[in-house]
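Encoded as structure tokens, the structure appears first; notes follow it.
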Amino acid sequence: MTAASSALRAAAHARTPMIQFIGKRAIPTNIDHSPKPHPQSPTGSLPSSFAEYRKAAQSHGPLGVKSAGSSRPSIEVQAGEYFDRNELPKRFWRMTLSKEDMELIESGGAAAWA
1 MTAASSALRA AAHARTPMIQ FIGKRAIPTN IDHSPKPHPQ SPTGSLPSSF
51 AEYRKAAQSH GPLGVKSAGS SRPSIEVQAG EYFDRNELPK RFWRMTLSKE
101 DMELIESGGA AAWA
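Just so you know, full-length UniProt numbering puts the end of the sequence shown at 114, numbered straight through with nothing missing.
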């Protein structure tokens with residue numbers, strides 16, 4: 001059999017995918033989609049409104065409390081704590097690279113041997 005005849009035969013044969021789709025799914029009518037409280041809910045009931053829920057909800061602290069930043073105490077830096085990297089000893093600062101260093105980095109080190 002020649003390559004041309006096998007190519008013609010392959011082109012004429014319809015490809016059947018290996019995956020088989022079941023078809024459209026039917027949603028069961030006996031499922032109740034009404035909201036229900038979670039089984040582990042502390043109250044066992046749903047809130048009457050979202051606003052009521054937000055009043056008592058806590059994510060990372062109380063959500064309803066609005067306090068200005070000026071009413072909070074100032075942050076005192078403890079010994080060994082720093083707000084900025086430049087307050088650290090110089091050995092911890094970011095290294096400054098010269099143009100020669102950048103050329104070496106960008107050339108992959110080949111410029112050092114050229």
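From the three backbone atoms N, C-alpha and C, an ideal C-beta is built for every residue, glycine too.
query: C-beta atoms of P37 and S45 nearer than 7 Å; result: yes
query: 7 Å CB neighbourhood of P89 in its chain, flanking five on each side removed; result: none
query: For P39 and I22, the rounded distance between their alpha carbons; result: 34 Å
query: Opening and closing residue of the alpha helix (DSSP H) in which D101 lies; result: 99 to 106
query: Short Cβ contact (7 Å threshold) for A110 with E103; result: no
query: Minimum C-alpha distance to R85 - residue among R94, V77, A79; result: R94
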